[in-house]
Structures are given as C-alpha cells and as structure tokens.
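One structure is given here, and the rest of the page talks about it.
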Amino acid sequence: MKKSCLLFDNDGTLVDSEYLCNLAIAQQFAELGVTLDVDDLVRNYRGGKLSEILGSLALRHQVKLRDDAEKNYRQRVAQLFDEQLKPVSGIETALAQLPQVKAVVSNGPRKKIEHALQVCDLRHYFSDRLFSAYDLGLHKPDPHIYLESAKKLGFTPEQCVVIEDSETGVSAGSRAGISTLFYNKFNEALDLPHVTSFTDMRELPALIDALSAE
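Numbering of the sequence shown is given in numbering that gives the first Met the number 0, commencing with residue 0 and proceeding in unit increments.
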C-alpha cells in the first residue's frame with residue numbers, strides 16, 4: 000500500500016540529541032556523588048520516559064533526587080541544545096526527498112520538540128504536526144501513541160511508516176501494526192514484526208518507496 004504519512008521519533012532520529020540528554024542526567028547524578036557513563040545511559044535508556052529513568056537510576060544508586068529534578072534536567076538540556084545540538088547525519092537530505100506528510104511523535108514534551116527542531120532548522124518539514132506523549136497521555140512503548148497520532152492526522156496505520164532509533168519506539172510502532180524503519184546505529188538484534196533495520200538516513204527514501212510497493 001502507498002505510504003502517505005511518515006511518523007518520526009525526535010531524539011536520536013531527527014536530532015542527534017541522545018548523548019546531550021543523557022549528559023544532562025549524568026551531570027545531575029554527579030552532583031549527588033554518582034558517576035554515570037553517558038554512553039551506557041544512551042544504550043540502555045534512550046527512548047524511555049524521563050520520570051521512570053530518573054527513578055530507576057536513583058533507586059539503583061540509592062540517592063534522593065532534588066524535588067525539581069525534572070525541571071532542572073529540562074533546563075540543562077535546553078542549554079546543551081543551544082550550544083551543541085545538530086541534526087542526525089543524513090536526515091536533512093532524506094527529508095528534502097520525501098513528499099509524504101511528515102509528523103513528529105515523541106516521548107518528550109512539546110516545548111523540547113519545538114526547541115530541537117528550531118535549533119536544527121527542521122521545523123519547516125513538520126509545521127505543527129508535533130505529537131508529544133505528555134499531551135496525548137500515552138508514552139512509548141504503548142502502541143496507541145502512534146495509532147492516535149495517525150488518527151489525528153487522518154491516516155490509517157496501513158498508510159503510515161514509523162521511523163525510530165530505540166527498541167522502545169520500535170516496539171511501539173511494531174505493536175501498532177505500522178511498518179517501522181529502525182535506525183539501528185548500534186546494530187542491535189530486534190526480532191519484531193513489521194520492522195526493517197537500516198544504518199544510514201540517506202537510505203530512507205528508497206526504503207519507503209519499497210514499502211509503498213508491497
């Protein structure tokens with residue numbers, strides 16, 4: 000079936016933010032005397048829900064987070080984005096070649112999505128088609144975050160493609176029954192239906208054409 004709507008994750012898929020987001024977490028825990036490896040955080044926690052990540056790490060390391068931990072994290076991330084955020088390699092070339100309706104579906108808050116897209120000059124590809132888990136009340140890996148986003152855009156799951164970079168997000172797309180493209184930069188093995196792995200964003204147009212031809 001022809002694919003008419005592309006549903007993109009944000010962090011790690013459109014913008015190269017995963018290291019910066021986890022650096023902000025590591026900075027918070029460093030102030031509590033806990034040393035965290037940022038690369039390990041990226042591998043183990045990308046795509047997750049912030050409150051659950053912070054809670055899990057605090058429990059594991061037996062520390063009490065400050066009451067405004069999430070607010071403090073958001074402030075750190077915003078500053079890091081302004082200083083260092085870049086688009087994912089190859090994504091601008093791919094987006095420019097894709098005529099389909101494009102939307103962002105993220106576990107992050109809308110303000111963070113907007114900030115990231117603005118810094119990386121990608122907002123014009125998506126206009127106001129930005130769906131945040133915080134607004135929908137649905138977080139990945141719940142498949143309904145993608146089903147509800149597709150419905151709001153006026154498309155069936157069969158008309159859509161999900162583009163993700165984490166197991167959490169890929170699971171959401173797969174469980175929604177939507178064709179899912181996994182930007183698999185860590186060469187992870189995922190045995191899920193409806194999922195195709197790739198490693199270069201410049202491959203996206205050809206991959207989506209292939210799905211449309213099925």
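Backbone N, C-alpha and C fix where the C-beta goes; we use that ideal spot for every residue, glycine too.
- Judged by beta-carbon spacing, residue 3 lies within the 8 angstroms limit of residue 100, meaning their Cβ atoms are closer than that value.
- Residue environment: residue 55 is assigned as exposed (fewer than 16 neighbouring CB atoms within 10 Å of its CB, all protein chains considered).
- In this structure the region 139-148 touches the region 165-181; the number of beta carbon pairs closer than 8 angstroms is three or more.
- In the three-state reduction of the DSSP assignment, residue 20 falls in the helix class.
- Contact check for residue 129 against residue 103 passes: the beta carbons are separated by less than 8 angstroms.
- Note on geometry: alpha-carbon atoms of residue 35 and residue 124 lie some 36 angstroms from one another.
- Out of 40, 33, 131 and 10, the CA that lies nearest to the CA of residue 22 is found in 40.
- In the DSSP assignment, residue 102 falls within the unbroken beta strand (DSSP E) covering 100-105.
- With a 10 Å radius around the Cβ and a threshold of 16 neighbouring Cβ atoms, residue 121 comes out buried.
- DSSP places residue 80 outside any beta strand (DSSP E); the residue lies instead in the alpha helix (DSSP H), whose first and last residues are 68-83.
- With respect to residue 14, residue 87 sits close: the two C-beta atoms are nearer than 8 angstroms.
- For residue 90, the enclosing alpha helix (DSSP H) has its first and last residue at 90-96.
- Our two residues, residue 157 and residue 1, have alpha carbons roughly 8 angstroms apart in a direct line.
- Boundaries for residue 133: no beta strand (DSSP E) harbours it, while the alpha helix (DSSP H) harbouring it runs 132-135, taken from the DSSP string.
- If the five residues before and after residue 191 are omitted, its C-beta is found closer than 6 angstroms to the C-beta atoms of 173, all from its own chain and listed in chain order.
- For residue 10, the beta-bridge partners assigned by DSSP are 14.
- Runs of the alpha helix (DSSP H) spanning 4 or more residues and lying entirely within the region 165-193 occur at 166-174, in chain order.
- The beta carbon of residue 44 sits closer than 6 angstroms to those of 52, all from its chain and outside the five residues before and after it, given in chain order.
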